[in-house]
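Residue numbers (the working numbering): 14 to 196.
Written out as structure tokens, the structure is:
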């Protein structure tokens with residue numbers, strides 16, 4: 014996986030109508046694109062510790078169980094995890110005696126164009142959405158997940174980290190076999 018991007022590379026990021034393109038530098042756009050590329054690439058490579066390092070200490074990961082859901086605490090969600098629960102899931106996925114993972118789960122994520130929805134002048138938080146498809150394979154069976162990712166990014170000394178990731182599945186209200194890996 015490349016650690017740097019060709020200097021002639023243009024970030025494939027679109028600004029929402031309310032965002033001025035000058036609010037982020039080219040270097041910042043490149044860092045954001047690389048962060049979001051790594052986020053799905055680390056999942057596909059089962060590099061869960063590297064994946065967790067992309068998140069802030071106070072992060073949240075949320076997969077709502079119904080469309081337009083606004084409350085992850087008082088409504089049922091497919092996932093609503095803080096950093097501790099995310100780390101617990103990673104430890105379970107990596108545990109050599111995880112019986113449900115005798116046949117490893119592999120994934121392939123594809124994301125679309127990133128859209129910057131908001132840049133907060135006060136906090137520096139950046140909200141980005143992108144459409145995605147993820148194929149999960151285990152024991153000769155494949156499942157397809159699709160929807161929209163919504164990321165909240167925070168500036169840190171080394172660039173950006175993810176403080177919140179929301180996964181809106183197009184079929185969030187469907188019946189699912191157990192979900193074990195991050196979508």
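Each residue gets a CB set at the ideal place from its N, CA and C atoms; glycine is no exception. These numbers come from a predicted model, not from an experiment.
Decide if residue i is buried, meaning its Cβ has at least 16 other Cβ atoms within 10 Å, or exposed.
i	result
residue 132	buried
residue 117	exposed
residue 77	buried
residue 152	exposed
residue 162	buried
residue 36	exposed
residue 160	buried
residue 43	buried
residue 68	buried
residue 99	buried
Can you tell me the Cα-Cα spacing of residue i and residue j, whole angstroms?
i	j	result
residue 127	residue 49	9 Å
residue 156	residue 148	6 Å
residue 70	residue 143	23 Å
residue 172	residue 41	8 Å
residue 97	residue 196	18 Å
residue 55	residue 79	27 Å
residue 175	residue 72	7 Å
residue 129	residue 81	20 Å
residue 14	residue 107	Note that residue 14 has pLDDT 39, beneath the 50 cutoff, so the model's placement of it is unreliable and the number below is only indicative. Their Cα atoms are separated by approximately 21 Å.
residue 120	residue 57	5 Å
residue 150	residue 27	32 Å
Does the Cβ of residue i lie closer than 7 Å to at least one heavy atom of the ligand ZN?
i	result
residue 42	The ligand ZN is absent from the structure shown, which contains no ligands of any kind.
Determine the extent of the alpha helix (DSSP H) in which residue i is found, giving its start and end residues.
i	result
residue 136	Here residue 136 belongs to no alpha helix (DSSP H), and DSSP marks it neither H nor E.
residue 81	First-last for residue 81: undefined, no H or E at that position.
residue 118	Counting along the chain, residue 118 falls outside any alpha helix (DSSP H), and DSSP gives it neither H nor E.
residue 39	39-57
residue 103	96-107
residue 62	61-65
Which residues mark the beginning and the end of the beta strand (DSSP E) in which residue i is found?
i	result
residue 70	68-77
residue 162	154-169
Can you round the beta-carbon distance between residue i and residue j to whole angstroms, since I take them to be within the 8 Å contact cut?
i	j	result
residue 64	residue 52	7 Å
residue 74	residue 103	About 11 Å; that fails the 8 Å criterion.
residue 165	residue 138	6 Å
Touching or not, the region 79-94 and the region 176-188, by the rule of three or more beta carbon pairs under 8 Å?
Short answer: they touch.
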